[in-house]
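Visitor: Please see the structure below; I have some questions.
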Amino acid sequence: MKKAIIVSVLEQIEKNLEERIDIEKLVGITGYSRRSLQDFFKEKCGVSIGKYIRQRKLSRSATLLKLTSQSVTDIAFRMGFDSVQSYSREFKKTFGVNPKNYRKADFWDFRNLRPPYWLDNDEYYHFEICQLTSKEIFGFQTSHQISTNDLPKKASPIKWKIIHETLRTWGESVYCLSSFKPDDAKDQVISVSSFFGMEHSSIDGGKIPMSRVIKCGKYAKFHFIGHKEEYQQFSNTIYMCVLPKLNLIRREGEDIEYFHLASVQKQQNNESIVDLYYYVPVL
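So the number in the working numbering is just where the residue sits in the sequence shown, counting from 1, plus 16.
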């Protein structure tokens with residue numbers, strides 16, 4: 017019973033993150049007393065409802081700062097703060113720097129981010145720190161946009177379809193290099209670019225005209241194996257849950273996924289099993 021109540025409260029908070037949401041409104045929705053609801057929530061989440069809401073608002077604003085060109089002023093009011101000054105004070109208390117410097121930094125420190133409730137899990141993924149050498153790969157590029165209203169965004173089913181078909185067509189393992197940046201024309205949109213490639217420069221006798229270089233450097237390497245539905249949440253879990261726990265800081269660069277050919281050969285309950293290594297550039 018308590019669990020169902022807390023899930024309902026967390027859902028309401030997430031749905032109204034950019035609105036005026038507080039404990040009084042949640043008391044009215046659940047029908048529980050202020051004290052009972054506060055006790056249930058703190059037992060489950062470890063913090064008061066007010067602090068949780070503030071953490072989620074600040075965490076969402078941090079994502080908007082790094083991934084969009086929306087102004088600090090617009091972000092402050094979008095997240096329900098009374099002024100830019102009050103927003104900046106709360107932001108600095110949580111992340112140690114003001115919003116402007118957080119945005120300008122050429123790295124992304126995920127510590128102190130509070131993930132949405134449906135991502136906050138204790139699942140463990142094996143990882144290691146490794147050094148990659150430069151490597152040229154050959155293939156093709158795709159691009160699309162994500163609205164900030166859709167954050168955090170699951171990996172698109174279309175992406176897995178492209179990977180699955182490419183694995184079958186090429187008959188060898190596939191790399192996917194992904195980058196995210198603010199859209200030049202729309203301040204509430206994120207531009208996503210993905211390059212799908214392999215190590216050989218030709219297929220069926222035909223030369224592949226486009227190539228990219230995997231940049232050398234330090235990476236956190238994760239291994240994932242599971243169903244495509246689980247894969248769709250994998251990168252969100254890595255960024256919002258795993259990197260903060262490991263105290264790892266993301267540096268500039270592309271995320272690299274290496275999909276094993278076995279992904280189109282392994283089956284479980286008539287579903288393909290996704291098998292890949294995921295590399296995040298870190299300091």
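Think of the CB as a built atom: it goes at the ideal place given N, C-alpha and C, for glycine as much as any other residue.
(1) Assuming Val298 contacts Lys231 (C-beta within less than 8 angstroms), just tell me the rounded distance between them.
(2) Taking DSSP's pairing of strands, which residues face Pro297 in a bridge?
(3) In the structure shown, what three-state DSSP assignment does Glu268 receive?
(4) Would you check if there are 3 or more beta carbon pairs closer than 8 angstroms linking the stretch 89-102 to the stretch 138-155?
(5) Are His293 and His239 touching if we call contact CB-CB under 8 angstroms?
(6) Can you have a look at Ile37 and say buried or exposed, based on whether 16 or more other CB atoms are within 10 angstroms of its CB?
(7) State buried or exposed for Phe212, treating a residue as buried only when at least 16 other CB atoms are found within 10 Å of its CB.
(8) In the stretch 178-260, which residue ranges form an unbroken beta strand (DSSP E) of at least 3 residues, counting only runs that do not cross its ends?
(9) Going along the chain, which unbroken runs of the beta strand (DSSP E) with 3 or more residues stay wholly within the stretch 51-91?
(10) In this structure, how does DSSP classify Gly155 when only helix, strand and coil are distinguished?
(11) Please return the same chain residues whose Cβ sits closer than 8 angstroms to the Cβ of Ala121, not counting the five positions on each side in sequence.
Guide: Once the coordinates are examined:
(1) 13 angstroms between Cβ atoms; not a contact.
(2) Tyr235
(3) coil
(4) no
(5) Residue 293 is actually Tyr in this sequence, not His. Yes.
(6) buried
(7) buried
(8) 190-198, 205-214, 226-230 and 233-243
(9) none
(10) strand
(11) Val113
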